[in-house]
Amino acid sequence: MEMKVEKVFYMLEKKPKKGEKEMKKEVFLYDEMDRAIEKISKYMTGGVSTGDIELTEISIEEEGMKAKVISWSAIAEALVKKLTQKS
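Laid out in structure tokens, this is it:
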């Protein structure tokens with residue numbers, strides 16, 4: 125897989141459920157936060173807890189990269205906006 129990134133991308137990690145046969149962490153990369161929020165919404169609808177999901181914003185800067193974990197309050201706000209747009 126190849127992905128061209130301008131300045132910012134998002135990494136979504138989902139930890140495996142305890143007791144799953146294959147204990148693999150799922151990692152997805154997104155060029156927009158909205159697309160990661162859609163995946164989080166699907167995970168939560170499927171019963172995944174917030175403790176098993178982490179969203180990180182990665183910024184490409186002149187001298188390297190900078191990673192920042194997105195807070196659950198920011199994720200919740202984005203989820204609410206997504207839900208109210210559907211109404």
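Throughout the sequence shown, residue numbering follows the working numbering, covering 125 to 211 in sequence. Every residue gets a Cβ at the ideal spot worked out from N, C-alpha and C, and that includes glycine.
In terms of residues, what are the limits of the beta strand (DSSP E) holding residue i?
i, result
"M168", "M168 -> not in any beta strand (DSSP E); alpha helix (DSSP H) instead, spanning 157-169."
"E137", "132-138"
"G175", "Per DSSP, G175 belongs to no beta strand (DSSP E) and is neither H nor E."
Are any of the Cβ atoms in chain C nearer than 8 Å to that of residue i?
i, result
"F152", "As a matter of chain content, chain C is missing from the structure shown, which is built from one protein chain."
Closer than 6 Å by C-beta to residue i: which residues in its own chain qualify, once you throw out the five before and the five after it? Chain order, please.
i, result
"F152", "L136"
"D155", "F133"
With a CB to CB cut of under 7 Å and the five nearest residues on each side skipped, what residues in its chain are close to residue i?
i, result
"T174", "W196"
"Y167", "K138, I177"
Since residue i and residue j should fall inside the 8 Å C-beta cutoff, what is the C-beta to C-beta distance between them, to a whole number of angstroms?
i, j, result
"I182", "V132", "7 Å"
"A200", "I161", "With a Cβ gap of about 10 Å, A200 and I161 do not count as contacting."
"T208", "K192", "In fact, because the Cβ distance is near 26 Å, the residues do not count as touching under 8 Å."
Using alpha carbons as the reference points, say which of the options lies closest to residue i.
i, options, result
"E178", "E126, K138, K128, M125", "K138"
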